[in-house]
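Engineer: For the first sequence, UniProt numbering puts the final residue at 780, and the numbers step up evenly by one.
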Amino acid sequence: MAKNLLIVESPAKAKTIEGYLGKDFTVKSSYGHIRDLVKSEDAIDIANGFTQKYEVPADKKQVVNELKKLAKEADIIWLASDEDREGEAISWHLFETLGLKDANTRRIVFHEITKPAILKAIESPRKIDYNLVNAQQARRVLDRLVGFELSPVLWKKIKPSLSAGRVQSVAVRLIVEREREINKFKPEAAYRVVAVFTTGKNREVFKAELPTRFVQQSDAEKFLNDCADAIFNISSLETKPSKRAPAAPFTTSTLQQEASRKLGFSVSRTMSLAQRLYESGKITYMRTDSVNLSDTALDAAAKEINSAFGEKYYQFRKYKTKSAGAQEAHEAIRPTYFNHHTTDGDSAEVRLYELIWKRSIASQMSEALFEKTTAKISISTRKDELVANGEVLRFDGFLKVYLESSDEEEENKNDHNSENAILPPLTKGQQLNLRDLNATERFTRPPARNTEASLVKKLEELGIGRPSTYAPTISTIQNRGYVVKEDREGKTRNYHVLTLINKKVVKEQKSEITGAEKAKLFPTDIGVVVNDFLVQHFNGIVDYHFTAGVEKKFDEIAQGLEDWTKMLHKFYEPFHQEVEETIKTADKARGERDLGIDPKSDKKVSVRIGRYGPFVQIGEAVEGEEKPAYASLRAGQMIETITLEEALELFKLPKKIGVFEDKEMTVAIGKFGPYIRHNSMFYSLPKGVDPLDVDEKAGIEIIENKRQADADKLIKSFKEDPEMRIENGRWGPYIKSGKLNVKIPKGKEAAELTYEDCKVLADAAEKEPKKPAKKFAKKK
DNA sequence: CAGTGAGCGAGCTTCCGCTTGACTT
Numbered sequence: 001m002a003k004n005l006l007i008v009e010s011p012a013k014a015k016t017i018e019g020y021l022g023k024d025f026t027v028k029s030s031y032g033h034i035r036d037l038v039k040s041e042d043a044i045d046i047a048n049g050f051t052q053k054y055e056v057p058a059d060k061k062q063v064v065n066e067l068k069k070l071a072k073e074a075d076i077i078w079l080a081s082d083e084d085r086e087g088e089a090i091s092w093h094l095f096e097t098l099g100l101k102d103a104n105t106r107r108i109v110f111h112e113i114t115k116p117a118i119l120k121a122i123e124s125p126r127k128i129d130y131n132l133v134n135a136q137q138a139r140r141v142l143d144r145l146v147g148f149e150l151s152p153v154l155w156k157k158i159k160p161s162l163s164a165g166r167v168q169s170v171a172v173r174l175i176v177e178r179e180r181e182i183n184k185f186k187p188e189a190a191y192r193v194v195a196v197f198t199t200g201k202n203r204e205v206f207k208a209e210l211p212t213r214f215v216q217q218s219d220a221e222k223f224l225n226d227c228a229d230a231i232f233n234i235s236s237l238e239t240k241p242s243k244r245a246p247a248a249p250f251t252t253s254t255l256q257q258e259a260s261r262k263l264g265f266s267v268s269r270t271m272s273l274a275q276r277l278y279e280s281g282k283i284t285y286m287r288t289d290s291v292n293l294s295d296t297a298l299d300a301a302a303k304e305i306n307s308a309f310g311e312k313y314y315q316f317r318k319y320k321t322k323s324a325g326a327q328e329a330h331e332a333i334r335p336t337y338f339n340h341h342t343t344d345g346d347s348a349e350v351r352l353y354e355l356i357w358k359r360s361i362a363s364q365m366s367e368a369l370f371e372k373t374t375a376k377i378s379i380s381t382r383k384d385e386l387v388a389n390g391e392v393l394r395f396d397g398f399l400k401v402y403l404e405s406s407d408e409e410e411e412n413k414n415d416h417n418s419e420n421a422i423l424p425p426l427t428k429g430q431q432l433n434l435r436d437l438n439a440t441e442r443f444t445r446p447p448a449r450n451t452e453a454s455l456v457k458k459l460e461e462l463g464i465g466r467p468s469t470y471a472p473t474i475s476t477i478q479n480r481g482y483v484v485k486e487d488r489e490g491k492t493r494n495y496h497v498l499t500l501i502n503k504k505v506v507k508e509q510k511s512e513i514t515g516a517e518k519a520k521l522f523p524t525d526i527g528v529v530v531n532d533f534l535v536q537h538f539n540g541i542v543d544y545h546f547t548a549g550v551e552k553k554f555d556e557i558a559q560g561l562e563d564w565t566k567m568l569h570k571f572y573e574p575f576h577q578e579v580e581e582t583i584k585t586a587d588k589a590r591g592e593r594d595l596g597i598d599p600k601s602d603k604k605v606s607v608r609i610g611r612y613g614p615f616v617q618i619g620e621a622v623e624g625e626e627k628p629a630y631a632s633l634r635a636g637q638m639i640e641t642i643t644l645e646e647a648l649e650l651f652k653l654p655k656k657i658g659v660f661e662d663k664e665m666t667v668a669i670g671k672f673g674p675y676i677r678h679n680s681m682f683y684s685l686p687k688g689v690d691p692l693d694v695d696e697k698a699g700i701e702i703i704e705n706k707r708q709a710d711a712d713k714l715i716k717s718f719k720e721d722p723e724m725r726i727e728n729g730r731w732g733p734y735i736k737s738g739k740l741n742v743k744i745p746k747g748k749e750a751a752e753l754t755y756e757d758c759k760v761l762a763d764a765a766e767k768e769p770k771k772p773a774k775k776f777a778k779k780k
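1) Should R106 and W78 be called a contact, given that it needs their Cβ atoms to be closer than 8 Å?
2) Can you check DSSP and say which residues form a bridge with H569?
3) Does the distance from the C-beta atom of L150 to that of I474 stay below 8 Å?
4) First and last residue of the beta strand (DSSP E) that includes P241?
5) Looking at Q617 and P628, is the spacing between their C-beta atoms short of 8 Å?
6) With respect to the alpha helix (DSSP H) encompassing V529, which residues constitute its N-terminal and C-terminal limits?
7) Can the beta-carbon of E221 be found closer than 8 Å to that of V607?
8) Pick out the complete beta strand (DSSP E) segments inside the region 353-422, 3 residues or longer, and give them in chain order.
9) Using the Cβ count rule (16 or more neighbours within 10 Å means buried), how would you classify I657?
10) Leaving out the 5 sequence neighbours to the left and right, which residues in its chain are closer than 7 Å to D407 when beta-carbon positions are compared?
11) Could you spell out the range, first to last residue, of the alpha helix (DSSP H) harbouring K303?
12) Counting Cβ pairs, one atom from each stretch, are 3 or more of them under 8 Å apart for the region 343-352 and the region 268-275?
13) DSSP on E727, reduced to helix/strand/coil?
14) Once you ignore the five residues that flank L761 on each side, which residues in its own chain have a CB closer than 7 Å to its CB?
15) Report the residue from V530, T212, T499, I118 whose alpha carbon sits nearest the alpha carbon of G19.
16) For Y572, does the count of other Cβ atoms within 10 angstroms reach 16, so buried, or fall short, so exposed?
17) Should A121 and V109 be called a contact, given that it needs their Cβ atoms to be closer than 8 Å?
18) Could you pull out every residue in the same chain whose Cβ sits closer than 7 Å to the Cβ of K157, ignoring the five residues on either side in sequence?
19) Determine the extent of the alpha helix (DSSP H) in which I702 is found, giving its start and end residues.
20) Take E432 and list the residues in its own chain whose beta-carbon comes closer than 6 Å to its own, dropping the five residues that flank it on each side.
21) Where does H416 land, buried or exposed, given buried means 16+ other C-beta within 10 angstroms?
22) So A362 and F398 are in contact, right, with Cβ under 8 Å, and what is the actual spacing, rounded?
23) Is S405 closer than 8 Å to K520 when the C-beta atoms are compared?
24) Would DSSP call I597 helix, strand or coil?
25) Between which two residues does the beta strand (DSSP E) containing S29 stretch?
26) Below 6 Å CB to CB, which residues in the same chain sit around N202 once its five sequence neighbours on both sides are set aside?
27) How about residue 856 and P654: are their beta carbons less than 8 Å apart?
28) Determine the DSSP secondary structure at H678, reduced to helix, strand or coil.
29) Could you give the first and the last residue of the continuous beta strand (DSSP E) run that contains Y191?
30) In or out: F223 buried (at least 16 other Cβ within 10 Å) or exposed?
31) So, with DSSP's three-state summary, where would you put G560?
32) Excluding five sequence neighbours on each side, which residues of the same chain lie with their C-beta closer than 6 Å to the C-beta of Q256?
33) For the beta strand (DSSP E) holding N741, just list the boundary residues, first then last.
34) Kindly indicate which three-state DSSP category V291 falls into: helix, strand or coil?
35) Could you check which residue in E752, A750, P745 has the C-alpha nearest to that of A765?
36) Within the UniProt domain "Toprim" (3-113), note down every full alpha helix (DSSP H) run reaching 4 residues or more, in order along the chain.
Below, the structure is given as structure tokens:
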């Protein structure tokens, strides 16, 4: 029988440690926190020093019971939860809930899961640090008070079931404010001049650019004309060495960012893949804010670099955390075994593993060395000089395995930049042959919309949220409908290009797509209304620096410099006052906006949020008079930005366009685009057709075309039941039984199936359990 | 793939952080 019970937070960790400690130790996991505040209003007794009422949630009862039993049988209980605020609280909750005794309980901590680290920890146990526990309680209580007092204000003033909190509300605010910056942004055009020169016998080609841009087209044109007969010489040539150092190994946040940029993973996908790698022992813990590598890891990395790449590629490095709120209870995310350059598993797992391996290995490698060359080119007819930049890699160093990407790079990838190309051999004074010269109109860019990962980056910079909550927070603000992750189509924009051809300037107009977005975060109307309400009435809470401020207080509590109940009182009293005041005095917020007057009816046009979402209204509801006209906004339209014209357009549809086979045809726009409704059937309009242009004749044509296409698809129909048919689909034939599509089992020939065969298959398919509507459906 | 948009009232919603499943494809 084991004499010792050691409890950690994660079962995967428990398994590893059990292997290190031998049979005198039973190592178990608490699966994170084992208790939480009760859900009801009496969870916190404010008048009584913020006394808390805790309960063991249903899904934790089993764990707690097992731990209780094992604790009774053990001589010594080792509480080995993480060494941070939350970890200390977990130990305290375990102590309380399991009914442990001071005499045989030991609190130990370690930062890395290695045998020496754990043995060392066991040699120097301590007591539970109640200052740290108090800091956690203050954090927990403050979050509950903020969340559970603020949310009901929203239910009263905006809509039921809404939520607000210290973290999520700031996340939404970041998205709303970024969207406003983008809407406000006015792009400025200027001409960028690029010249292409040839040199030497082989007529090698390189590009040079004018450092200044011309706002006026006439200035750009004059420049080009001036160059028509000019002589170009290298006026100066400068070569400077430069170097680049590798990035620190991954934390949760940087892993999410790189996996998003390089692999296109959402933050939750990254985390669940990382969890799988962690559970199968391939990487260290994936929820961390530390950039530290353990000594054993450093040794292993050094060994691997020396043997795989050679000594000159190795460089010992120690990284310091940059994020203010870091608690560093774990190591950085790294492979468990540096000599495993790749791994098995599905391709996403493999790609994430390789990313982690490369980043970790590169972090202990030498700098990359470059030679940067800048050539200035004089123009005999102008004072301006053209500049050509070249970069030559002299030693690859860490670039042999890994190059960190950046958001800016993503931004610039459309801009055909000539920067950092390789220059041919050049000499000072050398005369160059001009091959091409043009001036292209370029526009300043609005600030970039956030991706999930770039939002995580900002939250981390502000010290808001923790590694374990970044992914859930991003999901929450989407699930609440405050923010949507969407693709949006761009708009066509014209720009001008001036080109010097045969010593004459030729003007050309070209067009490009601008503003197209893929998987970016957009605020919704309800997100905007909730945010504006919170900013107006609870500015202190949604202030970007609120968390940083309270974190400072929590640190003081943790150091025993501040009393946690005093701190909470100081916060709570004015906050609660604000809540009461707002409930009493604030108006209901519907985000209403007046767009102007409808020229046809002379009535007021307004938009606001209704029960079913945002809608436009023409006129006002007055008793005894005709009801106002209503129309819902379409996807991509927002209260804040819709114009009067766009709003009035909404009333042109649905439109009756005529009669076909004694039934009316109606054109409307639905979730999947414009369609014709006829005899309870839907017919999508062909792409590019304006629904307002569709008349009776065009409508009939569309319906007949669709019927013809359906007939072409038909393989077989049955007299017994007109709803039952076999059709040719994209992936081969299938049975269509009413609304249900049924796969044809392998080995059966579609054309030979009888009605009875189809009926049996369809009935079987009907009985099959339907997949749930959402992955994480509502909790009961 | 609708068009809707009044009011009342009971009963419900909601936070952040620490952990994994149990589900699909």
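Don't be surprised by glycine CBs; every beta carbon is placed ideally from N, CA and C.
Keep in mind the model is a prediction, meaning the values are calculated, not measured.
Structural biologist: According to the data block:
1) Yes; because the gap between Cβ atoms is below 8 Å, this pair is in contact.
2) BP columns for H569 are empty, so no partner.
3) No, these two residues do not count as a Cβ contact at 8 Å.
4) Bounds of the beta strand (DSSP E) holding P241 are 232-244.
5) When the beta-carbon positions are compared, P628 and Q617 come within less than 8 Å of each other.
6) 525-537 is the span of the alpha helix (DSSP H), which, as asked, contains V529.
7) Cβ atoms of E221 and V607: not closer than 8 Å.
8) Whole beta strand (DSSP E) segments, 3+ residues: 368-379, 385-395.
9) I657 comes out buried.
10) Short of 7 Å from the beta carbon of D407, and not among the five residues preceding or following it, lie these beta carbons of its own chain, in chain order: A448, S454.
11) Element bounds for K303: 295-308.
12) Counting Cβ pairs under 8 Å, three or more are found: they touch.
13) Note: E727 maps to strand in three-state DSSP.
14) Closer than 7 Å at the Cβ level, and outside the excluded window around L761, lie I735, V742.
15) Considering only alpha carbons, the answer is I118.
16) Residue environment: Y572 is assigned as buried (16 or more neighbouring CB atoms within 10 Å of its CB, all protein chains considered).
17) Going by C-beta atoms, A121 is nearer than 8 Å to V109.
18) These residues qualify, in order along the chain: F533, A586, K588, A589.
19) That run of the alpha helix (DSSP H) goes 696-713.
20) Before going further, note that residue 432 is Leu rather than Glu in the sequence given. Counting only Cβ-Cβ distances below 6 Å, and skipping sequence neighbours, we find F197, T199, F232.
21) Residue confidence is low: H416 scores 46 on pLDDT, short of 50, so the model does not pin down where it sits. Its coordinate-derived value is still stated next. In the assembly as shown, H416 is an exposed residue. Its beta-carbon has fewer than 16 other beta-carbons within 10 Å.
22) The Cβ separation is near 4 Å, so the contact holds.
23) Between K520 and S405, the C-beta gap is not smaller than 8 Å, which leaves the two residues out of contact.
24) The three-state reading of DSSP puts I597 in strand, counting E and B together.
25) Unbroken beta strand (DSSP E) run through S29: 25-29.
26) If you ignore the 5 residues before and after N202, its C-beta comes within less than 6 Å of no other C-beta in its own chain.
27) The chain is shown from 1 up to 780; residue 856 falls before or after that span and cannot be answered.
28) The three-state secondary structure of H678, taken from DSSP, is strand.
29) Segment 189-199, the beta strand (DSSP E) holding Y191.
30) Result: buried.
31) Three-state DSSP puts G560 in coil, outside helix and strand.
32) Around Q256, the same chain offers V267, T270, A453, V456 as residues with beta carbons nearer than 6 Å, after the five sequence neighbours per side are excluded.
33) Segment 740-743, the beta strand (DSSP E) holding N741.
34) DSSP places V291 in coil when its eight states are reduced to three.
35) With distances taken between Cα atoms, A765 lies closest to P745.
36) Along the length of the UniProt domain "Toprim" (3-113), whole alpha helix (DSSP H) runs at least 4 residues long occupy 11-21, 61-73, 85-97, reported in chain order.
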